[in-house]
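One structure is given here, and the rest of the page talks about it.
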Amino acid sequence: MLDGFDVIWSKARSTFGDGPPVDGTGFDKSGQLRRPESERRPESCALGGAER
C-alpha cells in the first residue's frame, strides 16, 4: 500500500514541484484591468465607424 502512495506522491511532486506553493504575485496583471475606462477606450478612428 505504501508503494502506491510513494508512486502517486512522486508523480505529484514531479508535476507540481517540491516545497511551498508560489503565490503568483509575479503573474498578477489585475492592475491593467482596473485602469480607468478613458485609458482603455479606443480612439474613434479605431472603431471603424461603429459609433456613427
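Using this note's numbering, read the sequence shown as starting at 1440 and increasing by one per residue. For each residue, glycine too, the CB sits at the ideal point set by N, CA and C.
Whole-angstrom distance between residue j and residue i, CA atom to CA atom
i	j	result
Glu1478	Ile1447	49 Å
Asp1442	Ala1451	14 Å
Gln1471	Gly1458	30 Å
Val1492	Ser1469	Residue 1492 is absent from the structure shown; the chain starts at 1440 and stops at 1491.
Thr1454	Phe1444	15 Å
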